[in-house]
Amino acid sequence: MKIKNKIVLLLVFGLTGQFFSCQNSNSVLSEIENEEISTEFVSANLNISRYYTFGEALKDQINEGDGAGIDLSFRNSGVVIDETDNSYYAVNGVHPINSGDYSSYYPKSIVKASIYTDEIIQSYSFSSVNGHDIDMEALCFAENTTTLYIGDEYNYIYELDLSTGSVTREWDLSDLGIVNNIDKGIEAMTYSDGYFYIGIQEDKKIIKLDLNLSSEATTATIVSSFNLDVSPSGLFAHSDGTLYVVSIDSNEQKIYRYKTDGTLLCELSIPSSLNIVRPDGIFIDKANEYVYIADSQGSIYNGYSLYKIVWLNQCN
Ligand SMILES: [Ca+2]
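What the sequence shown shows, in the working numbering, is residues 28 to 343, in sequence order.
Written as structure tokens, this is what we have:
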């Protein structure tokens, strides 16, 4: 049985949710753990001895009208797992086909689907946010799974109340001087111990941000940053204090692991036999059993939009 409960868009910028406090005290622990991580560089192939694929729910969302019938693939550009109800969230980062046309592809949606049945549980569809164009490319939770944070390539971050479908807050990072060419901005985002980390495609950079979530003001602060050799397209903050990165660079189908000071600890090559076309999001479950990789172009080539692969800690 298909459960479908589409939330009607609320484009009004309103404050409907309660603010939660950040657990900044944990950041000290995180830094300590980070310093104790071995810096011996590891290079290996990702073990794909067991994996699962997803994409049916996202095809259904295309049939519901995502991409306006112009783009017939759900360009899954990010992934988070809600382990409290065994669901995944995916986001359609559909790109314009016609040069200069950035508005014909609406609506674009975030889809919540079951890990068990790959059927839509809920979808959140957008044609704009606060009156401006959107290109959502990254998803993460912060302190709970009732509020989703969304990174937009135009360098916005949105706060989405998953119960109402309302965008409750928006941070415009141009206020911090983070400005990039169109669809070259935020491609990746994650959260750990009170801070967000964003990956900027054009700059090949990871930036640590304080969004001051406990404050009603939507002011952000840059805490630190480091540069990569590749364009980050997916980012995941592990509880051990390190960051996992995937890249859109076509010849770099790898999972990278970094310390938060930018030290590269590990590279895992994703075997080509998996047929991932463009890794665009990464998530590792709390038990360290599976790594999830979003593929934003698999669906174009009759492949898949999301992979769940046994995770054997090959980077440790
Ligand atoms: Ca992405």
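For each residue, glycine too, the CB sits at the ideal point set by N, CA and C.
task: Can you give me the start and stop residues for the alpha helix (DSSP H) that D87 sits inside?
output: 83 to 90
query: Does the separation of the CB atoms of A140 and Y115 fall below 8 Å?
result: yes
CA-to-CA distance, Y224 to K135, given in whole angstroms: 24 Å
message: Going by C-alpha to C-alpha distance, which of D160, I177, A84 sits closest to G105?
response: I177
- request: Decide if D112 is buried, meaning its Cβ has at least 16 other Cβ atoms within 10 Å, or exposed.
  value: exposed
task: Measure the alpha-carbon distance for N72 versus N329 and round it to whole angstroms.
output: 25 Å
field: Cβ shell of E214 (< 8 Å), same chain only, five flanking positions each side left out
entry: S104, E164, A165, G178, E180, G226, I227, Q228, S258, P259, S260, G261, I275, D307
beta-carbon E164 near ligand 1 non-hydrogen atom, thresh 7 Å: yes
- prompt: Any heavy atom of ligand 3 closer than 7 Å to the CB of S277?
  reply: The model on display carries ligand 1 but not ligand 3.
- prompt: Can the beta-carbon of I336 be found closer than 8 Å to that of I311?
  reply: no
Cutoff 6 Å; reference N302; Cβ partners in own chain excluding five residues on either side: G330
field: Inter-residue spacing [alpha-carbon to alpha-carbon] between L295 and N315
entry: 16 Å
query: Looking at the structure shown, is S300 part of a helix, part of a strand, or coil, going by DSSP?
result: helix
- request: Report the option in G204, D188, Y183 whose CA atom is closest to the CA atom of E197.
  value: Y183
field: Cα-Cα separation between G127 and K211, rounded to whole angstroms
entry: 14 Å
V138 - partner residues in DSSP beta bridges: A117, S150
- prompt: With a Cβ-Cβ cutoff of 8 Å, do I137 and Y151 count as a contact?
  reply: yes
- request: Output the distance between the C-alpha atoms of R77 and N278, rounded to the nearest integer angstrom.
  value: 24 Å
query: Applying the criterion that 16 or more other CB atoms from any shown protein chain within 10 Å of the CB defines a buried residue, is G325 buried or exposed?
result: buried
- prompt: For ligand 1, is there a heavy atom less than 7 Å away from the beta-carbon of G105?
  reply: yes
- request: Can you tell me which of the three DSSP states L175 falls into?
  value: strand
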